[in-house]
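Enquirer: Residue numbers (the working numbering), protein chains in the order written: chain R, 1 to 252; chain F, 253 to 569.
See below:
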């Protein structure tokens, strides 16, 4: 019970801080504007003549690539920079309460940003007869992608007190997580001459680390346990590593 | 209340704190002295459970900081160095947040925040955002955070740093008052502060404990402790010196100052001499000199401090 109360207190304070500073408003405005721009201008939303959100969801990982690390970079870097981490970790709470609290705040924030894209859903419902189940699973997949990136951003911000470094490392890791399922990377692997392992197995193995295929199955309306497990394991692993990094910093 | 045993901390191959032990009882205010970088803050961070120990143990009340960190931390209030704060929230919001994480709920929560605001005179800024506050207010806000839950143990890293003289005075009085029913550790390099509030002093140098005692005991280690300073009018130093050196009780005489025919001298007692001042007074009266000042030196903390901490450094080199 104490755990839940502590997590709730940290979450509430973090959410308050997002909205007390311009971070939240800048994030929402940029997110929604870019989302609209990509969907309508590059995604050929109207030309497709279908009542689906595929040209909308396809951009999500790419937008998250920059926006999520940008909002996650302050989570722990700022605490280390200003020294408030000393306050936080001398309070009678367990470190994972603080980690979970901050993470929940970040994901609620991202969830809210996604909810604010509701006009897209209204549009396709006016223009045609979409399968709203597919729309829902698409949103679910998009949220999981964002949540996975957020966990990665959490980890990189625990690594350094410098927010810029945290941002750059998070972007690189997230970029790898997007790209390793794409042809340029898989083709490069195919060209490798590896004797000791079946090349197709290797390609599948590497591609399996990519967020895109897992997200894509959800865009098609399929919620596969394996895909959900993939996202959950990225999140749990990153948050666990965050705890270890923060702990090891206090041992130095 | 606080029991630190053989604390050790390594930074790489550099030993930041080496075998420091002490304990603090309820009603004691322990002053941590030492030059910058001596390991004061590191020691405090280990006691508060922020840094892990590389050796030794810390007990707060009944609880070991390593084995039962939550219970031990619950008994403690901590004011870190430079008073770190969350800039985006208001004073009241910040204190409310800390109070929640301290497990205070409902009426207790409201009461604790209100009391801390009153004790630290933060009434006028309670709704202001922390980053807009002046240094003195920020410092007091962080201090308020440390006493929210009325802890039995209070640990403060340079509590008067950055305050103006009035605020320093208030802060010292506050600490002194609270020291009567809590176990308090403060670190400082302002020596007058030690005299003003501490009941016991520890000096740390190069990570090692080099002195532990009452402020008065420490002061007695000063070279000038027990010496007598006199100001005598219309006599040259040579004459005074001659007269005083003839006395068996006097070890040596130095001239502090000689101006407009007024001479300040300091006489050091020979071994095992008590009441040098009285004897000197007799001698001066006998000679018919005009005495305008006669004072037995208590010793000065800053002398002792400099002596202890610089000789150690010399040995290192």
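Even glycine gets a Cβ: it sits at the ideal position worked out from N, Cα and C.
None of these values were measured; they are calculated from a predicted model.
Have a look at 262(F), 282(F) and 286(F) and flag the residue whose alpha-carbon is nearest the alpha-carbon of residue 457(F).
Expert: Answer by Cα proximity: 286(F).
Enquirer: Taking 8 Å as the cut-off, decide whether the C-beta atoms of residue 19(R) and residue 219(R) are in contact.
Expert: No, they are not a contact pair.
Enquirer: When you measure from the CB of residue 469(F) to every non-hydrogen atom of the ligand FAD, does any distance come out below 7 Å?
Expert: This structure lacks the ligand FAD, and indeed carries no ligand of any kind.
Enquirer: Consider the Cβ of residue 325(F): report whether some Cβ of chain R lies at a distance smaller than 8 Å.
Expert: Yes, its Cβ sits closer than 8 Å to a Cβ of chain R.
Enquirer: Give me whichever residues DSSP pairs with residue 575(F) in a beta bridge.
Expert: Because chain F here runs from 253 to 569, residue 575(F) falls outside it and cannot be looked at.
Enquirer: Give the list of continuous alpha helix (DSSP H) stretches no shorter than 4 residues that lie fully inside the segment 340-386 of chain F.
Expert: Segments of the alpha helix (DSSP H) lying fully in the segment 340-386 of chain F: 343-353 and 358-371.
Enquirer: To the nearest angstrom, how far is it from the Cα of residue 461(F) to the Cα of residue 472(F)?
Expert: Roughly 18 Å between the two C-alpha positions.
Enquirer: Between residue 74(R) and residue 216(R), how many whole angstroms is the CB-CB distance? I'm expecting something under 8 Å.
Expert: The Cβ separation is near 31 Å, so there is no contact.
Enquirer: Flag this pair as touching only if the segment 435-446 of chain F and the segment 402-411 of chain F have three or more C-beta atom pairs under 8 Å; answer yes or no.
Expert: With a cut-off of 8 Å, the segment 402-411 of chain F and the segment 435-446 of chain F count as touching, because enough Cβ pairs lie within range.
Enquirer: Between the Cα of residue 410(F) and the Cα atoms of 401(F), 427(F), 418(F) and 400(F), which residue gives the shortest distance?
Expert: Ranking 401(F), 427(F), 418(F) and 400(F) by Cα distance to residue 410(F) puts 427(F) first.
Enquirer: Could you name the residues of chain F that residue 162(R) contacts, counting a contact when the two beta carbons are closer than 9 Å?
Expert: The premise fails here: residue 162(R) is roughly 17 Å from chain F at the closest Cβ pair, so nothing lies under 9 Å.
Enquirer: Compute the Euclidean distance between the alpha carbons of residue 261(R) and residue 144(R), then round it to the nearest angstrom.
Expert: Absent from the model: residue 261(R). The displayed extent of chain R is 1 to 252, so no value can be given.
Enquirer: Using a Cβ-Cβ distance under 8 Å, would residue 340(F) count as near chain R?
Expert: Closer than 8 Å: yes.
Enquirer: Short check: CB of residue 272(F) to CB of residue 295(F), under 8 Å?
Expert: In this structure, residue 295(F) lies closer than 8 Å to residue 272(F) by Cβ.
Enquirer: Distance cutoff 8 Å, beta carbons only. Does residue 9(R) sit that close to anything in chain F?
Expert: Closer than 8 Å to some Cβ of chain F, the Cβ of residue 9(R) qualifies, so yes.
Enquirer: Which runs of the alpha helix (DSSP H), 4 residues or longer, sit entirely within the segment 518-559 of chain F?
Expert: The segment 518-559 of chain F contains these whole alpha helix (DSSP H) runs: 528-539.
Enquirer: Leaving aside the five residues before and after residue 375(F) along the sequence, list all residues of the same chain whose C-beta is less than 8 Å from its C-beta, in chain order.
Expert: Closer than 8 Å at the Cβ level, and outside the excluded window around residue 375(F), lie 369.
Enquirer: Given a threshold of 16 other Cβ atoms within 10 Å of its Cβ, counted over all protein chains shown, does residue 10(R) qualify as buried or as exposed?
Expert: Buried, by the Cβ-count rule.
Enquirer: Nearest chain F C-beta to residue 4(R) closer than 8 Å, yes or no?
Expert: Not closer than 8 Å to any Cβ of chain F, the Cβ of residue 4(R) fails to qualify, so no.
Enquirer: Do residue 54(R) and residue 44(R) have their C-beta atoms within less than 8 Å of each other?
Expert: The answer is no: Cβ separation not under 8 Å.
Enquirer: Taking residue 239(R) and residue 103(R) to be in contact with their CB atoms under 8 Å, please state how far apart those CB atoms are, rounded to whole angstroms.
Expert: At roughly 6 Å, the Cβ-Cβ gap stays under 8 Å, so residue 239(R) and residue 103(R) are in contact.
Enquirer: Going along chain F, which residues have a C-beta under 7 Å from residue 84(R)?
Expert: Within chain F, the residues near residue 84(R) are 336, 337 and 338.
Enquirer: Would DSSP call residue 246(R) helix, strand or coil?
Expert: In this structure, residue 246(R) counts as helix in the three-state DSSP scheme.
Enquirer: What are the residues that DSSP puts in a beta bridge with residue 482(F)?
Expert: Looking at the DSSP assignment, residue 482(F) forms a beta bridge with 517(F) and 546(F).
Enquirer: Please name the residue in 293(F), 288(F), 339(F) and 283(F) whose C-alpha comes closest to that of residue 259(F).
Expert: Nearest of 293(F), 288(F), 339(F) and 283(F) to residue 259(F), Cα basis: 293(F).
Enquirer: Less than 8 Å between the beta carbons of residue 64(R) and residue 149(R), yes or no?
Expert: Result yes, Cβ atoms of residue 64(R) and residue 149(R) sit closer than 8 Å.
Enquirer: Any C-beta of chain F sitting closer than 8 Å to the C-beta of residue 89(R)?
Expert: Closer than 8 Å to some Cβ of chain F, the Cβ of residue 89(R) qualifies, so yes.
Enquirer: Tell me where the alpha helix (DSSP H) around residue 126(R) begins and ends.
Expert: Unbroken alpha helix (DSSP H) run through residue 126(R): 118-127.
Enquirer: Using a cut-off of 8 Å between C-beta atoms, extract the partners of residue 350(F) located in chain R.
Expert: Those within 8 Å of residue 350(F) in chain R are 87 and 91.
Enquirer: Mind reading off the beta-carbon distance from residue 200(F) to residue 90(R)? Whole number of angstroms is fine, and I expect it under 8 Å.
Expert: The structure shown does not extend to residue 200(F), since chain F is modelled only from 253 to 569, so the question has no answer here.
Enquirer: Would you say residue 405(F) lies against chain R (beta-carbon separation less than 8 Å)?
Expert: No, residue 405(F) lies away from the interface with chain R (no Cβ there is under 8 Å from its Cβ).
Enquirer: Any beta-carbon of chain R closer than 8 Å to the one on residue 358(F)?
Expert: Residue 358(F) does not count as touching chain R.
Enquirer: Report the option in 86(R), 133(R) and 24(R) whose CA atom is closest to the CA atom of residue 71(R).
Expert: Answer by Cα proximity: 24(R).
Enquirer: Is DSSP giving residue 450(F) helix, strand or coil here?
Expert: Coil.
Enquirer: Which one of 60(R), 21(R), 22(R) and 49(R) has the shortest CA to CA distance from residue 37(R)?
Expert: Comparing Cα positions, the closest option is 60(R).
Enquirer: Suppose the cutoff is 7 Å on Cβ atoms and the five residues either side in sequence are ignored; what does the same chain contact list for residue 235(R) look like?
Expert: If we look at residue 235(R) and ignore the five residues flanking it on each side, its Cβ neighbours are 147, 148 and 151.
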